Amino acid sequence: MKKIRLLLAALLLFAGNVLEAQTSTVTGTVVDAADGSPMIGVTAVIKGTRTGVSTDINGKYEFRNVPPASTLVYQFIGYKTQEISVGNQA
146 MKKIRLLLAA
156 LLLFAGNVLE
166 AQTSTVTGTV
176 VDAADGSPMI
186 GVTAVIKGTR
196 TGVSTDINGK
206 YEFRNVPPAS
216 TLVYQFIGYK
226 TQEISVGNQA
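Going from the sequence shown to our numbering is simple: count from 1 and add 145.
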């Protein structure tokens, strides 16, 4: 019985590592298309979740543990909302 519990615990630990390996970190910079200046305070959200960040003073942001095939939604007052698929972008 102890061997079965140990095996089950090992499998659960392994499964957690596999699930973790299927996520990635996404970073980027949001700039104004008109003049290329960084946009401060843009909200970026993983579509269908409550996971979101805001851009910093340099327009930069970072998401951790982003599932594959996610879509990021960018919103800012006075600008059109943009949706970008994460996919396999480098």
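Glycine included, each C-beta is placed from N, C-alpha and C at the ideal position.
Note that the structure is a prediction, hence the values are computed from the model and not measured.
Task: Phe221 - partner residues in DSSP beta bridges - done: Along the sequence shown, one-based indexing puts residue 221 at 76. DSSP lists no partner for Phe221.
Task: Exposure of Tyr206, with buried meaning 16 or more beta-carbon neighbours within 10 Å - done: Looking up residue 206 in the sequence shown gives position 61. Buried, since its Cβ has 16 or more Cβ neighbours within 10 Å.
TODO: Please look up how many angstroms separate the CB atoms of Ile191 and Ser215, rounded, as I've assumed it's under 8 Å.
DONE: Taking the first residue of the sequence shown as position 1, residue 191 is located at position 46. Taking the first residue of the sequence shown as position 1, residue 215 is located at position 70. Separation of the CB atoms of Ile191 and Ser215 is rounded to 5 Å, and the pair is thereby assigned contact status at 8 Å.
Open item on the list: Looking at the secondary structure, which residues open and close the beta strand (DSSP E) in which Asn210 lies?
Closed with: Indexing the sequence shown from 1 puts residue 210 at position 65. Per DSSP, the continuous beta strand (DSSP E) segment holding Asn210 begins and ends at 205-211.
- [ ] Compute the Euclidean distance between the alpha carbons of Glu228 and Thr172, then round it to the nearest angstrom.
- [x] In the sequence shown, the residue the question calls residue 228 occupies position 83. In the sequence shown, the residue the question calls residue 172 occupies position 27. Taking the straight line joining both Cα atoms gives about 15 Å.
TODO: Have a look at Thr170, Thr188, Thr194 and flag the residue whose alpha-carbon is nearest the alpha-carbon of Phe221.
DONE: Reading the sequence shown from its first residue, position 76 is the one you call residue 221. Taking each of Thr170, Thr188, Thr194 in turn and checking the Cα distance to Phe221, the smallest one comes out for Thr188.
TODO: Pull up the CB-CB distance for Ile185 and Gly197, whole angstroms please, since I reckon it's below 8 Å.
DONE: Position 40 of the sequence shown, counted from the start, is the residue given in the question as residue 185. Position 52 of the sequence shown, counted from the start, is the residue given in the question as residue 197. About 16 Å; that fails the 8 Å criterion.
TODO: With DSSP as the reference, label Gln227 as helix, strand or coil.
DONE: Residue numbering aside, residue 227 sits at position 82 when the sequence shown is read from its first letter. Gln227 carries a strand assignment under DSSP once its states are collapsed to helix, strand and coil.
Open item on the list: According to DSSP, simplified to helix, strand and coil, what is Val187?
Closed with: As a first step, residue 187 must be located in the sequence shown, where it is residue number 42. The answer is coil: DSSP assigns Val187 none of H, G, I, E or B.
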